[in-house]
Amino acid sequence: MLPEIAEAPVRPLHRWRITPGQRLQRHSWDDTEFVLFNDLSGDTHLLDADAIDVLQLLSVAEADTATLAATLQVDADQADALDELLDELVKQYLIEPAC
Amino acid sequence: MLTVDTLSRAELVARLAGDGLELRTGAFVTRLQTRIPSVADGISLLYADYPLGEYTGFADFHLRMFRPAGWRRWYRPQVQLQSDGNAPFTPLPLAHAFPMFEWGLNWCVASRAHNHLIIHAAVVEKEGRAAILPAPPGSGKSTLCTALVHRGWRLLSDELALIRLDDGHVMPLPRPISLKNASIALMRDYLDSPVFSTPVHDTIKGTVAHLKAPRDSVLRSAEPARPAWIIFPQYAAGAEPELSPLSPARGHMELAQNAFNYSMLGSAGFHAMARVIGMSSCHQFRYSRLDDAVELFRQLQPVQP
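Going down the list, the sequences are from chains A and B.
Residues in the first sequence are numbered from 9 upward in steps of one, following our numbering.
Residues in the second sequence are numbered from -8 upward in steps of one, following our numbering.
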């Protein structure tokens, strides 16, 4: 019998980066909701302050999830929320795995 | 500046049939050539107050409307509209000629005036402050706009908000207001002596009639206005008037959904939109009775700069 193939880890510790080639411009009128324009896709996104914080950090340097969590002071019980946020930013082509 | 009503009927028809009538609407000059009587009728009735172009040889838009050749010329006659020699629309029944002119002119502006951010919206102004009313068809936008511009507001447009890219102000484009179906009878009752084009039935939008724009709005076609309110109207039968705040960021996203050239303008469109949002308060508005809506608009206060 063939050995079972181990499943991929649920939360790979990717390093993340801003999707190359895009220049992100944003406006906010209340510092809680932001509109963000991606000049690569031409899309405008409605984002909250957490998403903007992640993008701001990644615009400075690539970072892994743990580093982002530490820098943004994400509590352990909020780790899932950070993963969901990163997934959402990936789906919007704003960030991508760096490796 | 000469206006359309300075031409006799014979002169108007001769210009339309000859080199073309140059008609100034807002910042645009349209040269229109046609021999179709219903178009001449509509121009004579609804554009009487509009300036003629100066016949310098330049016009922003060149429109020609004619009856296509072929057997349909006699059996179910049609009208074709050409813009700079191209036909952006399929031919329509001849009876739809005047609405087709209006739709064609809208198309010219929406597809070419890209030195503005163009939003599908009505715009009305009072004391220099503009209320932008973006909304999809069926929301009651034109009906509400009509009521407002006959109750103290100036008409900038019932269809196209032209936002200047450099300062976010709205340029006027007052044109006849397009009303559909039940709104036509509603406005005949609501207004004092309204001037309507002949209703045209069985168009793609149902029965359509155009209402003459207020003369004062036409005379003030060169006066832009600073945005102060973005109000998304929604007619709902029986609803009490309800003005609900919308956050600026959500207002931006909603407004972008109603823009014709937001994506095409790219970063310039994004920043122009944000500038408009920054000058305005955003709201959703449900209503059923026009007098309620007029009263609510009367009480609007602009955001402090």
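For each residue, glycine too, the CB sits at the ideal point set by N, CA and C.
Please determine, among the options, the residue with the shortest C-alpha to C-alpha distance to residue i.
i, options, result
"P127 of chain B", "B:R179, B:D158, B:I154, B:K196", "B:K196"
"W94 of chain B", "B:S74, B:N106, B:H105", "B:S74"
"F261 of chain B", "A:D95, A:V43, A:V68", "A:V43"
"D91 of chain A", "A:T73, A:A106, A:D47", "A:T73"
Which partner residues of residue i appear in the DSSP bridge assignment?
i, result
"T73 of chain A", "Answer is none; T73 of chain A lacks a bridge partner."
"R25 of chain A", "A:E104"
"Q73 of chain B", "B:R55"
"V161 of chain B", "B:I154, B:A216"
"E41 of chain A", "A:D56"
"V115 of chain B", "B:A122, B:L146"
"A13 of chain B", "First, the residue type needs correcting, since residue 13 of chain B is Glu and not Ala in the sequence shown. DSSP, once it has assigned bridges, lists B:R22 as partnering E13 of chain B."
"H107 of chain B", "B:R155"
"Q64 of chain A", "Beta-bridge pairing links Q64 of chain A to no other residue."
"V98 of chain A", "V98 of chain A is not bridged to any residue."
For the ligand GTP, is there a heavy atom less than 7 Å away from the beta-carbon of residue i?
i, result
"T134 of chain B", "In the structure on display, the ligand GTP does not appear, and there are no ligands present to speak of."
At a Cβ threshold of 8 Å, is residue i touching chain A?
i, result
"A265 of chain B", "yes"
"P42 of chain B", "no"
"G9 of chain B", "no"
"R155 of chain B", "no"
"F261 of chain B", "yes"
Got a sec? Which residues, its chain only, sit under 7 Å from residue i by beta carbon, not counting five neighbours each side?
i, result
"S297 of chain B", "What the structure shows of chain B is the stretch from -8 to 296, and residue 297 of chain B is not part of that stretch, so it cannot be assessed."
"V140 of chain B", "V115, L146, P205, S208"
"L182 of chain B", "H141"
So, does the CB of residue i fall closer than 8 Å to a CB anywhere in chain B?
i, result
"A84 of chain A", "no"
"W37 of chain A", "yes"
"G50 of chain A", "yes"
"E41 of chain A", "yes"
"D88 of chain A", "no"
"D47 of chain A", "yes"
"Q30 of chain A", "no"
Have a look at residue i and residue j and give me their C-alpha separation to the nearest angstrom.
i, j, result
"L108 of chain B", "R266 of chain B", "11 Å"
"L80 of chain A", "T137 of chain B", "52 Å"
"I168 of chain B", "L256 of chain B", "27 Å"
"Y101 of chain A", "I268 of chain B", "26 Å"
"G11 of chain B", "Y46 of chain B", "10 Å"
"S130 of chain B", "R34 of chain A", "30 Å"
Tell me which same chain residues have a C-beta within less than 6 Å of the C-beta of residue i, skipping the five on either side of it?
i, result
"H192 of chain B", "T198"
"F187 of chain B", "A200, L202"
"L48 of chain A", "G29, Q30"
Please go through the same chain and pick out, in chain order, the residues whose beta-carbon is closer than 8 Å to the beta-carbon of residue i, but skip the five residues on each side of it.
i, result
"V294 of chain B", "A219, M270, S271, S272"
"A227 of chain B", "R277, Y278, S279"
So is residue i in contact with chain D if we call contact Cβ pairs under 8 Å?
i, result
"L54 of chain A", "In the structure shown, chain D does not exist; the protein chains are A and B."
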